[in-house]
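With the UniProt record's numbering applied, the sequence shown covers 1 to 320. All C-beta atoms, glycine included, are put in the ideal place defined by N, C-alpha and C. Encoded as structure tokens, the structure appears first; notes follow it.
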Amino acid sequence: MRILVVDDDPLTLHMVVYRLRQWGHDVISCTDGDSAWKVLARGSVPNVAIVDWIMPGLNGPELCQKIRGRTDCPYVYIVMLTGRNNPEDLIAGLDAGADDYLTKPFHLGELDARLRAGKRIVDLQNELISARETLRIQAMQDPLTQILNHGAIVDTLLQEINRAHREQQPLSLILADLDGFKNVNDSYGHVAGDQVLVEVARRMRFCLRSYDAIGRYGGEEFLMVLPNSDAAQAVRLAERIRVAISQKPFRVHNTDLTVTVSQGVTTWTNPCPIPIEQLIQSADGVLYLVKNSGRNGVEFAQFHGHADETFSRLTSSQLQ
């Protein structure tokens, strides 16, 4: 474990640090509470802190309180070292945030036993954090394609609308729909259809920038959110995606399938806020035009004015 030891007594500090390193721990040592807090503030967060009660600057209980006041780091298991053994002092130390205590002088075997108990708590805490992160990802992720699900991509779009309004930057989105995808499911089965969806999502992600977002909006529909992207950039990106999907066949059941995608693109540059539904409706409207004019293409709609005004349709060729 990574252990922080804080004690102003050189003999105690040396003895504890030496033995901890013998036991295989990664040890950081400080001689007062202020320097220990600086170490923690730099981001060197230990699994366990062994803290003396009486020290120059921040004393043990004060350091415990500052550690417990942080919400931006993992849980630190704190063992308080103290020469005080009356119940009131022990209660005060635990109330300050310590998890355990050792009364000086102490046996090193007792310290080792308490550290093993602390490790169990630290391990459980890490497992809980990992489980929470897994649940968070599962709640946001489409289980098939491993991109954002419908709710998560809509939430992302809403956040980016607010950011674009705050920072006065353009925001574009692409609504993409696979052409004739029902025929793939009908002819080759849903397992084959799932394989196509996974590969489509992979190719789309490859075309996007690192800070763009993509989610599965519906069965074979994908929504892409492009922060700080103007009309020309968004259309070029959509065209790159169209080529990436259509030019390389999809291998399904030892058969090469040609898959194409229709895309509606819209960009918002106005400083006035806009309802999220209107942006999506704009992209959906020009996507419908692509579907009805041969498919495998890109259409663009530019938002003008306030949220209650209309979008104007432009073809991708007008943006070249």
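Look at Gln233 here: in three-state DSSP terms it is helix.
Inter-residue distance for Met140 and Asp230 is about 27 Å (C-alpha atoms, whole angstroms). A Cβ-Cβ contact shorter than 9 Å links Leu175 with Ala283. DSSP places Tyr77 in the strand class (E or B) of the three-state scheme. The beta carbon of Ser29 lies closer than 7 Å to those of Val5, Leu13 and Val17 in the same chain, with the five residues before and after it left out.
Nearest Cα to Pro273 within the set Gln159, Ala36, Asn47 and Asn126: Gln159. In this structure, Tyr77 lies away from Asp52, with their beta-carbon atoms at least 9 Å apart. Apart from the 5 residues on each side of it in sequence, Gly151 has no Cβ closer than 7 Å to any other Cβ in its chain. Rounded to the nearest whole angstrom, the CA to CA distance from Asn270 to Phe300 is 16 Å. Counting along the chain, Ser130 sits inside the alpha helix (DSSP H) bounded by residues Leu108 to Met140.
Scanning His25, Leu226, Gly218 and Val45 for the CA closest to the CA of Tyr211 turns up Leu226. Taking C-beta atoms under 8 Å as the contact rule, Gly264 and Val290 qualify, at a distance of about 7 Å. Beta-bridge partners assigned by DSSP to Pro227: Leu171. Contact annotation: the region 76-91 touches the region 41-52, with at least three C-beta pairs closer than 8 Å. Under the 8 Å Cβ criterion, the region 170-186 counts as touching the region 196-205, having at least three qualifying pairs.
Val298 has Gln263 as its beta-bridge partners, per DSSP. One alpha carbon belongs to Asp186, the other to Leu287, and they sit about 24 Å apart. Three or more Cβ pairs closer than 8 Å define a contact, and the region 91-99 falls short of that threshold against the region 141-150.
DSSP places Val200 in the helix class (H, G or I) of the three-state scheme. Residue pairing for Trp268: DSSP places it in a beta bridge opposite Leu171. About 4 Å separates the beta carbon of Arg216 from that of Asp142, a gap short enough to meet the 8 Å contact definition. One Cα belongs to Gln233, the other to Asp256, and the distance between them is close to 31 Å. Asp26 counts as exposed, since fewer than 16 other beta carbons sit within 10 angstroms of its beta carbon. One Cα belongs to Gly285, the other to Lys248, and the distance between them is close to 28 Å. The beta carbons of Asp89 and Gly57 sit about 20 Å from each other, so the pair does not count as a contact at 8 Å.
As the crow flies, the alpha-carbon of Glu133 is around 15 Å from that of Asp72. It is roughly 16 Å from the alpha-carbon of Arg2 to the alpha-carbon of Lys38.
Under the criterion of beta carbons closer than 8 Å, Val259 and Ile241 do not qualify as touching, at roughly 12 Å. Cβ atoms of Met204 and Leu173 stay farther apart than 8 Å, at about 13 Å.
For Leu4, the enclosing beta strand (DSSP E) covers residues Arg2 to Val6. As computed with DSSP, Ile28 is found in a beta bridge with Leu4.
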